[in-house]
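To start, the structure itself, in structure tokens.
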């Protein structure tokens, strides 16, 4: 009877252990997510702390007191510039202007880049005609054509937007082109058999399949467009000054604390733009494509 009872109770004990294991699975997953989030916050903070410590060491230990204006210590930058509203407000106002130029320039670059990439995939001769010009835009230093842009378009907002577009459009073009060219041939054959029109093939197959590559190009362009906006501010000072204009003014006046503070704000803005584009990329492709977790 004891052996029989043990045998009869075995399935119940097995179910109990499985239920206990099932109950612990969400806790384990939650713990892993918590460690992942903690690592995502902790490591950047440690890196920031190390950078500030290195910055302070160079300012106090390497530079002599009479040369410390070349790289003022972090505490002086925060106390005298970032925490002084009379000096911080002009920087924030200028950063808002730069942000507007960045947004417009990136929108134009996205439309032109995706449109050009799609157009290049429609025919081989179109690719051969367009691609060399895209490469020329990429390899020519933007500073070399800035004076020409000023002569053509003046020195206002339109010129700044064009600089942003030129500096950010190439990775969007190339990634769109690569993504569409990489669509599985079997999927193309399936659309051919089903009698899909060219428009349906492009919208329902090519663009959807190329979306991860397109979003990668967008994220790269988002990092570059901030650089273009600051360059445009420096060279096209007509109208409201951007953060690049203030950088040039602070440099000319040797206002090193304000100069470093403006650089910090511009850097934070660039990281923020890049991060926002990363979030958009994960929202667009993260649920159905393995590259979404890496964007």
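Numbering (the UniProt record's numbering), first residue to last: 1 to 295. Heads up, the beta-carbon is just placed ideally off N, CA and C, and yes, glycines get one too.
For the alpha helix (DSSP H) containing residue 138, list its first residue and its last residue.
First-last of the alpha helix (DSSP H) with residue 138: 124 to 139.
So, with DSSP's three-state summary, where would you put residue 73?
In the structure shown, residue 73 sits in coil (DSSP, three-state: anything other than H, G, I, E or B).
Please classify residue 283 as buried or exposed, where buried requires at least 16 other C-beta atoms within 10 Å of its C-beta.
With fewer than 16 Cβ atoms within 10 Å of its Cβ, residue 283 is classed as exposed.
Best match in 180, 160, 190, 216 for proximity to residue 207 [C-alpha to C-alpha]
Just measuring C-alpha positions, the residue of 180, 160, 190, 216 sitting nearest residue 207 is 180.
On the CB-based measure, 16 or more other CB atoms within 10 Å of its CB, does residue 133 come out buried or exposed?
So residue 133 ends up on the exposed side.
What are the boundary residues of the alpha helix (DSSP H) that residue 257 is part of?
Unbroken alpha helix (DSSP H) run through residue 257: 256 to 285.
Answer yes if the stretch 247 to 257 comes into contact with the stretch 149 to 156, meaning at least three C-beta pairs across the two stretches below 8 angstroms, and no otherwise.
The stretch 149 to 156, when compared against the stretch 247 to 257, does not touch it at the 8 angstroms Cβ threshold.
Kindly give me the distance between the Cβ atoms of residue 137 and residue 169, rounded to whole angstroms, as I take these residues to be in contact under 8 angstroms.
Correct: roughly 7 angstroms between the Cβ atoms.
Taking the alpha helix (DSSP H) that residue 162 falls in, what are its first and last residues?
Per DSSP, the continuous alpha helix (DSSP H) segment holding residue 162 begins and ends at 157 to 181.
Taking its Cβ as the centre, do 16 or more other Cβ atoms sit within 10 Å of residue 62, making it buried, or is it exposed?
Classification for residue 62: exposed.
Return helix, strand or coil for residue 229, following the three-state DSSP convention.
Residue state, collapsed to three classes: helix.
Please state whether DSSP places residue 241 in a helix, a strand or coil.
Correct three-state label for residue 241: coil.
Report yes if the CB atom of residue 246 is closer than 8 angstroms to the CB atom of residue 72, and no otherwise.
Not in contact: residue 246 and residue 72 (Cβ atoms no closer than 8 angstroms).
Under 8 angstroms between C-beta atoms of residue 218 and residue 110
Yes. Within cutoff.
Nearest CA to the CA of residue 274: which residue from 216, 230, 236?
That would be 216, whose Cα lies nearest to the Cα of residue 274.
Do the CB positions of residue 101 and residue 242 come within less than 8 angstroms of each other?
Yes, the Cβ-Cβ distance between residue 101 and residue 242 is below 8 angstroms.
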